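Trainee: Numbering (my numbering), first residue to last: 272 to 477.
Even glycine gets a Cβ: it sits at the ideal position worked out from N, Cα and C.
All values reported here derive from a predicted model rather than from experimental measurement.
1) When DSSP labels each residue in this structure, what does residue 325 get in the three-state scheme?
2) Straight-line CA distance for residue 407 to residue 275?
3) Which of the three DSSP states, helix, strand or coil, is assigned to residue 318?
4) For residue 376, which three-state DSSP category applies?
5) Closer than 7 Å to a non-hydrogen atom of the ligand FMN - does that hold for the CB of residue 441?
6) Residue 396 to residue 410, Cα distance in whole Å?
7) Could you pull out every residue in the same chain whose Cβ sits closer than 6 Å to the Cβ of residue 303, ignoring the five residues on either side in sequence?
8) Roughly how many angstroms separate the alpha carbons of residue 322 and residue 465, rounded to a whole number?
9) To the nearest angstrom, report how far apart residue 425 and residue 403 are at their CA atoms.
10) Any idea what DSSP makes of residue 471, helix, strand or coil?
11) Among residues of its own chain, excluding the 5 on either side of residue 316, which ones have a beta-carbon nearer than 6 Å to its beta-carbon?
12) Just how far apart, CA to CA, sit residue 458 and residue 297?
13) Which runs of the alpha helix (DSSP H) spanning at least 4 residues fall entirely within the stretch 380-428, listed in chain order?
Structure, rendered in structure tokens:
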């Protein structure tokens with residue numbers, strides 16, 4: 272099934288209470304929400320999770336990089352970056368957790384994607400949040416033709432205009448600003464639109 276991941280955008284000026292309300296409201300319309308709050312303290316992240324726990328399925332939550340917080344709060348998924356501890360190190364300490372990872376090049380994906388629950392690839396399109404060159408749609412197409420294992424999630428500049436080209440090539444998309452730089456109402460409408468467009472594009476390519 273095609274997945275939509277929402278990734279929080281680490282706006283420390285937004286209160287924990289406001290962010291939790293946004294996450295709870297959006298959760299029925301996406302498959303996973305990654306808490307990517309690198310500028311917040313572990314205590315603040317734990318407080319955010321506490322506010323969420325009674326209002327949504329916590330199996331939908333992914334914690335960025337902090338396996339210790341995930342384990343302590345009873346969550347099951349952690350997203351790793353290229354600078355995180357190695358997968359083997361983390362699995363030895365936290366054998367019950369599932370791990371995803373960010374990728375930015377073809378070779379690591381072909382070699383290691385199958386080791387992870389999923390892998391993000393991006394940024395696919397230019398975005399104000401990234402200054403280096405995008406991975407690009409053409410390279411994503413080549414990767415889709417070569418890949419044989421694992422769930423690949425595209426991230427970076429994906430919107431209603433280009434999702435129809437991206438969706439048939441991957442197992443899902445991840446969106447940050449499109450969900451967390453808008454009002455709750457607009458974020459929900461955006462999630463619904465992206466899912467509908469993605470599913471239609473996948474069906475048409477079959």
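Mentor: Inspection of the coordinates gives the following:
1) coil
2) Roughly 19 Å between the two C-alpha positions.
3) helix
4) Coil.
5) Within the structure as shown, the ligand FMN is missing, as the structure has no ligands at all.
6) 11 Å
7) 276, 331, 333
8) 27 Å
9) 16 Å
10) The three-state secondary structure of residue 471, taken from DSSP, is helix.
11) Closer than 6 Å at Cβ, skipping near neighbours: 308, 340.
12) 7 Å
13) 408-417
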